[in-house]
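Residues 808 to 972 (the numbering used here) make up the sequence shown, in order. Glycine residues also receive a C-beta, built at the ideal position from the N, C-alpha and C atoms. Worksheet: the structure to be examined is printed underneath.
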Amino acid sequence: MDESKLVRSMDEFLRQLKVVRKSSEHTVRAYARDLNDFVAFLQSEGVKEWRQVTTNLLRQYLNWLFAQGYQRRSIARKLSSVRSFFRFLARMGYISVNPALDLKQPRLPQKLPTVLEVSEIEKLLSSPDTSTPRGLRDRAILELLYATGLRVSEVASLRISDIDF
808 MDESKLVRSM DEFLRQLKVV RKSSEHTVRA YARDLNDFVA FLQSEGVKEW
858 RQVTTNLLRQ YLNWLFAQGY QRRSIARKLS SVRSFFRFLA RMGYISVNPA
908 LDLKQPRLPQ KLPTVLEVSE IEKLLSSPDT STPRGLRDRA ILELLYATGL
958 RVSEVASLRI SDIDF
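Written out as structure tokens, the structure is:
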């Protein structure tokens, strides 16, 4: 694979993630890692340019990831990075056909959420020291979370005007 073209297109994609999509530094680093792993696989397969990548080769990559012991969630993330990159390559005209278009995400196991036992909830609700203003506040927050099912971020962003007295 032509290293300079490869590096330029990847750098351009990562810059676009950062500037246009305003992705976090962590997200950009994760994409960079995923794409570097993908490129290493392509090089081991003798691929010289992006146009040589086929849907079949992408399936081989997924099989290789499974064989390497990656978990389904990690493979799904890596595939998501590769798909985003190929959409970018197609949009920029670097490839005429997007080989990642027909790829399906690996099925992820559906996990049921874990819930607290009643005794655990009672212990949690009684833990703040309600003889202090901070303890009263904490107890109110815990009660609100428990009674409404709101997320912590939703409770943190509540304003007095949000409450219907």
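Q: Using beta-carbon positions only, say whether residue 910 and residue 872 come within less than 9 Å of one another.
A: For the pair residue 910 and residue 872, the CB atoms are not nearer than the 9 Å cut-off.
Exercise for review: Starting from residue 845, follow the alpha helix (DSSP H) in both directions and report where the run begins and ends.
Suggested key: Unbroken alpha helix (DSSP H) run through residue 845: 832 to 851.
Inset, instruction - Using only alpha-carbon positions, find the residue among 852, 844 and 882 that is nearest to residue 914. - result: The option with the nearest alpha carbon to residue 914 is 882.
Buried or exposed for residue 817, please, with buried defined as at least 16 other CB atoms from any protein chain shown within 10 angstroms of its CB. So residue 817 counts as buried.
| query | Any contact of the stretch 887 to 906 with the stretch 840 to 851, i.e. 3+ C-beta pairs under 8 Å? | reply | Flag = yes, the stretch 887 to 906 and the stretch 840 to 851 touch.
Considering only residues of the stretch 889 to 964, which uninterrupted alpha helix (DSSP H) runs meet the minimum length of 4 residues and lie entirely inside it, listed in chain order? Counting whole runs of 4 or more residues, the stretch 889 to 964 contains the alpha helix (DSSP H) stretches 925 to 932, 940 to 955 and 959 to 963.
Could you give the first and the last residue of the continuous alpha helix (DSSP H) run that contains residue 867?
Residues 862 to 874.
**OP:** Could you tell me whether the stretch 925 to 937 touches the stretch 945 to 965, where touching means 3 or more Cβ pairs closer than 8 Å?
**Re:** Result yes; three or more Cβ-Cβ pairs closer than 8 Å.
**Prompt:** Using a Cβ-Cβ cut-off of 8 Å (strictly less than) and excluding sequence neighbours within five positions of residue 918, which residues of its own chain qualify?
**Reply:** There are no such residues.
Practice item. Output the distance between the C-alpha atoms of residue 862 and residue 850, rounded to the nearest integer angstrom. Key: Rounded to whole angstroms, residue 862 to residue 850 spans 16 Å at the Cα level.
Next on the checklist: Looking only at its chain, what residues have a beta carbon closer than 6 Å to the beta carbon of residue 969, apart from the 5 residues adjacent to it on each side?
Outcome noted: Result list for residue 969: empty, nothing under 6 Å.
Using 9 Å as the threshold, is the C-beta distance between residue 976 and residue 896 below it?
There is no way to answer for residue 976, as the model of the chain reaches only from 808 to 972.
Subject >> Nearest candidate by alpha-carbon position, reference residue 905, set 899, 894 and 912 >> reply: Nearest in C-alpha terms to residue 905, of all of 899, 894 and 912, is 894.
query = Taking residue 885 as the reference, which of 961, 823, 868 and 858 has the closest Cα?
reply = Among 961, 823, 868 and 858, the Cα nearest to that of residue 885 belongs to 868.
Which of the three DSSP states, helix, strand or coil, is assigned to residue 828?
Residue 828: coil per DSSP, three-state reduction.
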